[in-house]
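Counting in the working numbering, the sequence shown runs from 1 upward without gaps. Don't be surprised by glycine CBs; every beta carbon is placed ideally from N, CA and C. Please read all numbers here as calculations on a predicted model, not as lab measurements. Written below as structure tokens is the structure these notes are about.
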Amino acid sequence: MAVDRDRLVIGTRGSQLALWQSNYIKQMLESITGLPVELKIIKTTGDKILDVPLAKVGGKGLFTKELEVELLAGTVDLCVHSMKDVPTELPEGCVIAATPPRVDPRDVLVSGPGNFDLESLPLGAKLGTSSLRRRAQVLALREDLEIVDVRGNLDTRMRKAEEGEVDAVILAAAGIARLGWADRISHYIDPGQMVSAVGQGAIAVEIREDDAFMLDVCEKLNDPATFTCITAERVVMRSLEGGCQVPIGANARIEGDLLVMDALVGSIDGKRIVRDTLSGPVDDPIVLGDAMVARLRELGATEILAEIRCADSVDGLLGS
């Protein structure tokens, strides 16, 4: 491989999970390019605001914008993100060029000594999550539960359940497993009960679209199957204008020669859920994504999302 630089710099957040992901990419890059790779830790808006639910913070790119500023300025060569944090509209000049193989996209419960699943949580139990997607789906199953907003890094959120501040928290299986904490998981939530977030379990590598060297490198980093699935999911999120402020889930997978996707839109209180499963050719994820959007709109997603986007609706349901 022709090399036109003497090192590479990864822009990353400073959380344990972000650093694990960036070091994972670092090792792959050093193997592919033979170049030394450095990490540059960058604090994002989402890292600074920890006392307000994400749905109330507003705006897109809460965990990516500051990294992208440095990417476009040339102070880093690439940014590494959790794919589920990446908005579907990127800054001009930026592109997601690689997604390494995805790991378990499921949501899980961590509950400490209680070892609860969703059915065995006590009546009126406190369940921690900052995700409107998780809130909607949980309340659709258990309207008696008290949803408590929980922010912070993974270990902080797990300890809130393990030390009894809440009865359980819902988190992503992928991050917990990557950090070696799978033994702290009480229950893996069946995908039939909960559709995961768009991109959950996947890592995104973002570069400048005019960086020919990194485009070549990213071809070797990329897992085509993961990229295909993520593409279909992100069509759903982009078309429905999703983000942390709306309860949207989508998860695609390859089954034989088919691309299969589950997707969901729900009201914040869980009283209305529209969900379906569709399949299509593996080589055309955009067509499947568009078909799913049309189906969800037929089922009532447009009306649900219109109500959620009224600020009074979100504030009222989350608590002002």
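Chain C within 8 Å of residue i, Cβ atoms only
i	result
Gln21	No chain C is part of this structure, which consists of one protein chain only.
Integer-rounded CB distance, given that residue j should sit under 8 Å from residue i
i	j	result
Ala232	Leu288	5 Å
Thr99	Asn23	Rounded, the Cβ-Cβ distance is 17 Å, inconsistent with contact.
Proximity below 8 Å, CB of residue i to CB of residue j
i	j	result
Leu127	Ala168	yes
Ala97	Met214	yes
Arg102	Thr226	yes
Leu19	Asp77	no
Arg142	Leu109	no
Gly270	Gln137	yes
Lys26	Leu35	no
Ile32	Leu118	no
Ile265	Ile304	The sequence given here places Val at residue 265; Ile does not occur at that position. Going by C-beta atoms, Val265 is nearer than 8 Å to Ile304.
Val274	Leu296	yes
Arg133	Pro285	no
DSSP three-state assignment for residue i, whether helix, strand or coil
i	result
Asp51	With a pLDDT of 46 at Asp51, under the threshold of 50, the predicted position of this residue should be treated as unreliable, though the coordinate-derived value follows. DSSP places Asp51 in coil when its eight states are reduced to three.
Met28	helix
Asn115	coil
Asp167	coil
Arg275	strand
Val80	strand
Ile10	strand
Ala306	helix
Asp283	coil
Pro148	The question names Pro, but residue 148 in the sequence shown is Val. Strand at Val148.
Ile176	helix
Arg253	strand
Val57	Its pLDDT being 40, under 50, Val57 is placed unreliably in this model, and the value from its coordinates should be taken loosely. The answer is helix: DSSP assigns Val57 an H, G or I state.
Asp183	helix
Leu17	helix
Met158	helix
Asp107	strand
Leu259	strand
Lys65	helix
Leu127	strand
beta-carbon residue i near the ligand HEM non-hydrogen atom, thresh 7 Å
i	result
Ala252	With respect to small molecules bound, the structure shown includes none, and the ligand HEM cannot be examined in it.
> Which runs of the alpha helix (DSSP H), 4 residues or longer, sit entirely within the region 204–248?
Replying inline: 212–221, 224–239
> So, do the region 153–170 and the region 201–219 have three or more beta carbon pairs nearer to each other than 8 Å?
Replying inline: no
> Looking at C-beta atoms only, is the number of pairs between the region 80–98 and the region 147–154 that lie closer than 8 Å three or more?
Replying inline: no
> Counting Cβ pairs, one atom from each stretch, are 3 or more of them under 8 Å apart for the region 294–312 and the region 174–194?
Replying inline: no
> Taking contact to mean at least 3 C-beta pairs separated by less than 8 Å, is the region 63–72 in contact with the region 132–148?
Replying inline: no
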